[in-house]
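Let me begin by presenting the structure, written as structure tokens, before commenting on it.
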Amino acid sequence: LTQKDDYFILLLGLDNAGKTTYLEQVKTKFTANYKMMNPAKITSTVGCNIGQVEIANVRLNFWDLGGQEELQSLWDKYYAESHGIIYMIDSTDRDRLEESWLAFDKMIQNEQLVGLPLLVACNKQDLDDCMSVPEIKKMFNKSAANIGVRNCMATATSALTGEGVHEGINWMKECVE
Ligand code: GDP
Numbered sequence: 019l020t021q022k023d024d025y026f027i028l029l030l031g032l033d034n035a036g037k038t039t040y041l042e043q044v045k046t047k048f049t050a051n052y053k054m055m056n057p058a059k060i061t062s063t064v065g066c067n068i069g070q071v072e073i074a075n076v077r078l079n080f081w082d083l084g085g086q087e088e089l090q091s092l093w094d095k096y097y098a099e100s101h102g103i104i105y106m107i108d109s110t111d112r113d114r115l116e117e118s119w120l121a122f123d124k125m126i127q128n129e130q131l132v133g134l135p136l137l138v139a140c141n142k143q144d145l146d147d148c149m150s151v152p153e154i155k156k157m158f159n160k161s162a163a164n165i166g167v168r169n170c171m172a173t174a175t176s177a178l179t180g181e182g183v184h185e186g187i188n189w190m191k192e193c194v195e
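Residue numbers are given in the working numbering: position 112 of the sequence shown equals residue 130, and the series is strictly consecutive.
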């Protein structure tokens, strides 16, 4: 048995962005590793869904934190332990884009997250009439000063079809290890 290096990835975003589905997709994409998981470790506790995948010598542990407004105060408790951030956006939800950005902007200002790699996943790109990645970036770039110097990527994803999931996770793995 080889020793795995453990890394903790925050999976953040508003409720309904697709975090739970994305995590399922991640597990599916890395099936061989999923098989090796201890089911006892993937129980979801109140407002927090945990998943893990193993890629080569690395184990990525995901914390899908509840997106509901009343749970956002809990996000902070996980920040100190984390190595990377995936922020999920529902690209079809124009009405909540600003709300999503506000939550993002608050999160990204946290001192404990300074310099951590950031993947902005513009999700639900399989749906017609979704906002484009550049359109979403325009809003999120208002946080450029707070994003600061770090590995940062915005991608088109579909947690439903799996588009962009493999690439995003591999990118994150390369960043954290
Ligand atoms: P969460 O609240 O962020 O965990 O979001 P969920 O994973 O529960 O997804 C919310 C809803 O959006 C569900 O009905 C999902 O099936 C749907 N959904 C999530 N990702 C996608 C996607 O990429 N494309 C489409 N069409 N639907 C999605």
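Beta carbons: idealized from backbone N, C-alpha and C, even for Gly.
#### Entry: Exposure label - Cys140; buried when at least 16 CB within 10 Å
The residue in question, Cys140, is buried, as its Cβ has 16 or more Cβ neighbours within 10 Å.
### Query
Applying the criterion that 16 or more other CB atoms from any shown protein chain within 10 Å of the CB defines a buried residue, is Val44 buried or exposed?
Val44 should be labelled buried.
#### Entry: Asn164 versus Ser176 - alpha carbon distance
Their Cα atoms are separated by approximately 27 angstroms.
### Where Asp23 falls: helix, strand or coil (DSSP)
strand
### Task
Specify the secondary structure class of Asn34 as computed by DSSP and reduced to three states.
Looking at Asn34 - three-state DSSP - the assignment turns out to be coil, as it is neither helix nor strand.
### Query
Taking the Cβ atom as the reference point for each residue, do Ala172 and Val138 lie within a distance shorter than 8 angstroms?
With respect to the 8 angstroms criterion, Ala172 and Val138 are classified as neighbours on the basis of their beta carbons.
### Task
Using the DSSP secondary-structure output, state which residues sit across from Gln70 in a beta bridge.
Asn79
### Task
Taking all protein chains shown into account, decide if Val132 is buried (16 or more other Cβ within 10 angstroms of its Cβ) or exposed.
With fewer than 16 other Cβ atoms within 10 Å, it is exposed.
### Query
Okay, do the stretch 68 to 80 and the stretch 24 to 31 touch, 3+ Cβ pairs below 8 angstroms being the bar?
At 8 angstroms Cβ cutoff, the stretches touch.
#### Entry: Runs of beta strand (DSSP E) wholly within the stretch 147 to 187 (minimum 3 residues, chain order)
170 to 174
### Query
Where do the N-terminal and C-terminal ends of the beta strand (DSSP E) with Ala139 fall, by residue?
Segment 136 to 141, the beta strand (DSSP E) holding Ala139.
### Given 8 angstroms, three or more beta-carbon pairs between the stretch 150 to 160 and the stretch 111 to 127
yes
#### Entry: Backbone CA spacing between Asp23 and Asn75 [nearest angstrom]
About 6 angstroms.
### Query
Which residue from Arg168, Val183, Ala98 puts its Cα closest to that of Lys142?
Val183
### Query
CB-CB under 7 angstroms to Gly180, same chain, minus the five flanking residues each way: which ones, in chain order?
Gln43, Lys47
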